[in-house]
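Residue numbers (the UniProt record's numbering): 1 to 309. All C-beta atoms, glycine included, are put in the ideal place defined by N, C-alpha and C. The structure appears right after this line, and notes come after that.
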């Protein structure tokens, strides 16, 4: 036996050979990723079906009359009468549904626009300026984030009642302008997107605070503004409890509350209200889809990359 040769126990040699066999390593490595990928894909497919199937059913149901809703399957098209349903929807009761849509655009669209601007301005101020009690005031804002909206609805209603704002446009519009979560996100976005060095450079050049914000900070905060606007628009469009408490005039209802009223009247005339409810529900979600796909291009990070040398 040469000096370079060593003695090895047979059981250890066999175990080492088995552990380092290339085929076993490949099988071990490939089985785990495939299993993990299959679980992830299965969860994604289930989530997709959970989201898409109700919307698909609503699209199909909006093309049917009351009799076809129960005589055909949920995903089965009958005699397509979508146009007739749309005409009936927008002409019913002198165009009441169109009035509800316009109210929702005012409550949600204009309200989200103003609320997002207030949140951006407040978040920018909390981030870039120094003033007495700054962190304590911001702590109060965070407390507002923790309080559920349902808890503050009744106090807001009582305040609006004392001010004579119930059953009016302002009773629903004004409470939606304050968004503690929006102020919090505004400060976070300001910290991430607006470098302090860039603002210092503009101030050295003689720009005032308002000019600095509108010409330097706000263009950098457009993705944040779009995100806050979409959050506010979605929340305002889907608002239900506040309008339910504040409003008693059907002409002032948002579209969600109006559809709920039709749902309550369904037993009085099912042939009339079932198609109205299905078609109205389909039309009511279209602005949310349009808003999402219109604003998603602004959701990009790294817009300030290279702004500071």
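query: Between the Cα of residue 229 and the Cα atoms of 116, 93, 168, which residue gives the shortest distance?; result: 116
query: Indicate the three-state DSSP secondary structure (helix, strand or coil) for residue 147 in the structure shown.; result: coil
query: Under the rule that 16 or more other beta-carbon atoms within 10 Å means buried, what is residue 339, buried or exposed?; result: Because the chain here runs from 1 to 309, residue 339 falls outside it and cannot be looked at.
query: Give me the Cα-Cα distance between residue 123 and residue 193, rounded to the nearest whole angstrom.; result: 12 Å
query: Terminal residues of the continuous alpha helix (DSSP H) containing residue 223?; result: 222-237
query: Could you tell me how far apart the beta carbons of residue 120 and residue 224 are, in whole angstroms, since I believe they sit closer than 8 Å?; result: 6 Å
query: So, with DSSP's three-state summary, where would you put residue 193?; result: helix
query: Taking its Cβ as the centre, do 16 or more other Cβ atoms sit within 10 Å of residue 70, making it buried, or is it exposed?; result: exposed
query: Judging by CA-CA distance, which residue of 258, 54, 62, 210 is the nearest neighbour of residue 85?; result: 62
query: What number of angstroms, rounded off, separates the C-alpha of residue 275 from the C-alpha of residue 294?; result: 29 Å
query: Output needed for residue 111: all residues of its chain with C-beta closer than 8 Å, excluding positions within five of it in sequence on either side, in chain order.; result: 173, 176, 177, 232, 236
query: Between residue 171 and residue 145, what straight-line distance do the alpha-carbon atoms span, to the nearest angstrom?; result: 21 Å
query: Taking the straight line between their C-alpha atoms, what separation do you get for residue 150 and residue 206?; result: 47 Å
query: Among 247, 42, 267, 140, whose alpha-carbon lies nearest the alpha-carbon of residue 160?; result: 247
query: So, are the CB atoms of residue 259 and residue 284 less than 9 Å apart?; result: yes
query: Among 209, 219, 292, 263, which has the Cα closest to the Cα of residue 125?; result: 209
query: Determine the direct distance from the alpha carbon of residue 73 to that of residue 188, and round the result to whole angstroms.; result: 49 Å
query: Whole angstroms are fine: how far does the CA of residue 269 sit from the CA of residue 298?; result: 46 Å
query: DSSP three-state label for residue 41, please.; result: helix
query: In chain order, what residues of the same chain have a beta carbon less than 7 Å from the beta carbon of residue 154, not counting five sequence neighbours either side?; result: none
query: Of the residues 218, 244, 211, which one's Cα is nearest the Cα of residue 311?; result: Because the chain here runs from 1 to 309, residue 311 falls outside it and cannot be looked at.
query: Just mark residue 254 as buried or exposed, buried being the case when its beta carbon has 16 or more other beta carbons within 10 Å.; result: buried
query: Taking just the CA atoms, how far does residue 94 sit from residue 46?; result: 42 Å
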